[in-house]
Structure formats: C-alpha cells, structure tokens
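K.L.:
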Amino acid sequence: MIQWYPGHMAKAKKEIQEKLKLVDIVFELLDARIPFSSQNPEFQKIFASSKRLIIITKSEMADKNETAKWQKYFKNQGIDSITVDSISGANVKNIVNSAKVVLEEKIKKDLARGLKPRAIRAMVVGIPNVGKSTLINKLTGKHSAATGDKPGVTKAQQWIRINKDLDLLDTPGVLWPKFESITQSYHLALSGAIKDDVVRKEDMILYFLDFLKKYYPSNLVDRYNVSIDDDNVLILEKIGRNRGFIKANEVDYEKVYEVLLTDFRSLRLGRITLDHED
19 MIQWYPGHMA
29 KAKKEIQEKL
39 KLVDIVFELL
49 DARIPFSSQN
59 PEFQKIFASS
69 KRLIIITKSE
79 MADKNETAKW
89 QKYFKNQGID
99 SITVDSISGA
109 NVKNIVNSAK
119 VVLEEKIKKD
129 LARGLKPRAI
139 RAMVVGIPNV
149 GKSTLINKLT
159 GKHSAATGDK
169 PGVTKAQQWI
179 RINKDLDLLD
189 TPGVLWPKFE
199 SITQSYHLAL
209 SGAIKDDVVR
219 KEDMILYFLD
229 FLKKYYPSNL
239 VDRYNVSIDD
249 DNVLILEKIG
259 RNRGFIKANE
269 VDYEKVYEVL
279 LTDFRSLRLG
289 RITLDHED
C-alpha cells in the first residue's frame, strides 16, 4: 500500500465538496489508458447522489476495443460516458448534448415550472494529468487553462464560460491518500498521473514488460526487435545494447527505462490500455 497525499490535494477535495451544491452535473474525467486506475474512489462517495457524466480522455492513445468494454462497464453501473480525442478534439462538441441527456429530467422539470433555460453548470474533476485543461481548451477553442505534462498544473478552482449552454467549474487534479494495490500505482505512474519516483522504477518497468508480453506482444517485438520468450532482464539488455546505452561497458538501464516510458507515453509503442477488465 503506497501512501501519497500532498496537502493541496486535501484542501482541493474539501473545496470540491463545498462547491458541489453550485453545479448541475459532474464531469468526471478518466484517462482512456487507465479508466479504472484513474477513477478516484473518494469521488464515488462524494458524488453518489450527483448527476455525473464520465468523459474518457486521451482516447487516441488507448486500445479502442478496451475503451468500448469500459464504456459498457460504466453503462452497466448506470453512468453515461463519452470518449474524446485530446489531440484532434474529436467528439468534444458532443459533451454538451451528452450532459443534456443526463440532465433531461431536471431540464424538463425546470421548463414545467416556467424557469428560463440557462447554461448547464458542470464541475470538472479528475486526477492530475488526466487532461482537464486540454479538454477545456478544446471546448473554448483557446488557451483558457494552463496545460502541461507535469501532474497538478491547475492549482485553483475557477469558473470558465464555454458558451451560452455550458459553464465549467475547473478543479485541480486530486488523488486519494492510499493506493490499495501496487498495480494501480504502476498504472498511475506509467501514465504520468504521479511522479515516477513514487514507485520503484525498476519494478514498474519489469511489470510493464510482463504486461506487454501478455496483452500486446507484437507491439513489444516490433518496436524493440526482441523475443517475448526472452526474460525481462535480457529484453532490457537487448534494448540497451541496440540503442547504444552503454556506460563503463555495462548497459545503462536507467536510459532503457526512460525509453520504455517515453515510447509508451508518446504512442511509439502503439495504442495501449493498461486497465483490462480481467
């Protein structure tokens, strides 16, 4: 069990709870590569009675078949979801319509009471580096929120007018105090949600190689010209020697680790989903 909980996250969580009454719906952002691992278990309690739309970000980086399975899973949980491409912005414009579907009953009641239609007020929540700021920029068509690959770029909660139909309350990325499984910790670190040094990098990379052998063997073989029958240490050595990562006549394994991480995060290893339902 890994414990990690910076003070600013505890403060952000408290503010989220306090401002929940100001919004009509919660947009919960999940990383398509880790749709289970990126779901904050504390949010499930906080938003239990709230209208919610899951927005699966970075869909361009994930395995399409696995994403479809996860959407079916969320639907079975009674939660609507929508996928968005964080690079092209594909499907972003359908978020408002998806929110209206979730809020259909409330909208009808408001109209029946003679209330004038207003913009939907949505709170955007998610873990660090899940793509909140990128999504907001795609929605507005401009750089209204800071973006970056470092976890926790958005520091404070802020209202953002998207258009006449949607107002967003942006919030900082929030994690939870303890990761219950080491696998979840690896998935969060591999995706960039937490810093690499929160886990033992060597162990994480060995786990990642086992994962690739099981679920995406051709991606591993094609990218690095290795055999899945090789043990993991031999694979690392082959990658290092093929790339010329030699220091004092020994393979520089730190550089090999960085190559694997960079290749996964930059799609050079192909579209990979770390969270599989099995």
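Under my numbering, think of the first position of the sequence shown as 19, with each following residue one higher. Cβ atoms here follow ideal geometry from the backbone N, Cα and C, with glycine treated the same way. Predicted model, so just to flag it, every value in this text is computed and none were measured.
I need the straight-line Cα distance from Asn260 to Leu153, nearest angstrom please.
P.N.:
Reading the sequence shown from its first residue, position 242 is the one you call residue 260. Reading the sequence shown from its first residue, position 135 is the one you call residue 153. Answer to the nearest angstrom: the Cα atoms are 38 Å apart.
K.L.:
Provide the residue span of the beta strand (DSSP E) that contains Val142, from first to last.
P.N.:
Against the sequence shown, residue 142 aligns to sequence position 124. 138-143 is the extent of the beta strand (DSSP E) around Val142.
K.L.:
Within a Cβ cutoff of 6 Å, which residues of the same chain sit near Ala50, ignoring the five residues on either side of it in sequence?
P.N.:
Here residue 50 refers to the residue found at position 32 when the sequence shown is read from its first residue. Cβ within range, chain order: Ile74, Lys76, Ser77, Ala80, Thr85.
K.L.:
For Arg179, which residues does DSSP report across the bridge?
P.N.:
The count along the sequence shown starts at 1 and reaches residue 179 at position 161. The partner list for Arg179 (beta bridge, DSSP) reads Asp185.
K.L.:
Going by alpha carbons, who is nearest to Leu254 out of Phe226, Lys90, Tyr233, Tyr234?
P.N.:
Here residue 254 refers to the residue found at position 236 when the sequence shown is read from its first residue. Of the candidates Phe226, Lys90, Tyr233, Tyr234, the one whose C-alpha sits nearest the C-alpha of Leu254 is Phe226.
K.L.:
Does the Cβ-Cβ distance between Asp185 and Arg139 come in under 8 Å?
P.N.:
Position 167 of the sequence shown, counted from the start, is the residue given in the question as residue 185. Position 121 of the sequence shown, counted from the start, is the residue given in the question as residue 139. Contact: yes.
K.L.:
What do you reckon, is the C-beta of Val192 under 7 Å from a heavy atom of the ligand PLP?
P.N.:
Summarising the ligand content, the structure contains no ligands, and the ligand PLP is consequently not present.
K.L.:
To the nearest whole angstrom, what separates the beta carbons of Val192 and Val143, a pair I think is in contact under 8 Å?
P.N.:
One-based indexing of the sequence shown puts residue 192 at position 174. One-based indexing of the sequence shown puts residue 143 at position 125. Sure, about 7 Å apart at Cβ, within 8 Å.
K.L.:
Tell me which same chain residues have a C-beta within less than 6 Å of the C-beta of Ile52, skipping the five on either side of it?
P.N.:
Indexing the sequence shown from 1 puts residue 52 at position 34. Around Ile52: His205, Ser209, Leu292, Asp293.
K.L.:
Going by CA-CA distance only, name the one from Ala117, Lys111, Ile105 that's closest to Phe45.
P.N.:
As a first step, residue 45 is located in the sequence shown; it is residue number 27 there, counting from the start. It is Ala117.
K.L.:
Buried or exposed: which applies to Val119, given that a residue is buried once 16 or more other Cβ atoms fall within 10 Å of its Cβ?
P.N.:
Translated into the one-based positions of the sequence shown, residue 119 becomes position 101. So Val119 ends up on the exposed side.
K.L.:
In three-state DSSP terms, what is Gly166?
P.N.:
The residue given as residue 166 occupies position 148 in the sequence shown. Any reading at Gly166 must be qualified, since the residue scores a pLDDT of 43, below 50, and its modelled position is unreliable; the value itself is stated next. If DSSP states are grouped into helix, strand and coil, Gly166 belongs with coil.
K.L.:
For a test of the three-state rule: what should DSSP assign to Ile74, helix, strand or coil?
P.N.:
In the sequence shown, counting from the first residue as 1, residue 74 sits at position 56. Ile74: strand per DSSP, three-state reduction.
K.L.:
What does DSSP give as the partner residue(s) for Ile100 in the beta ladder?
P.N.:
Locating residue 100 in the sequence shown gives position 82, where the first residue counts as 1. DSSP, once it has assigned bridges, lists Ile73 as partnering Ile100.
K.L.:
So, at 6 Å on beta carbons, what are the nonlocal neighbours of Gly288 in its own chain, with the 5 sequence-adjacent residues on each side left out?
P.N.:
Numbered from 1 along the sequence shown, position 270 holds the residue referred to as residue 288. Counting only Cβ-Cβ distances below 6 Å, and skipping sequence neighbours, we find Asn237.
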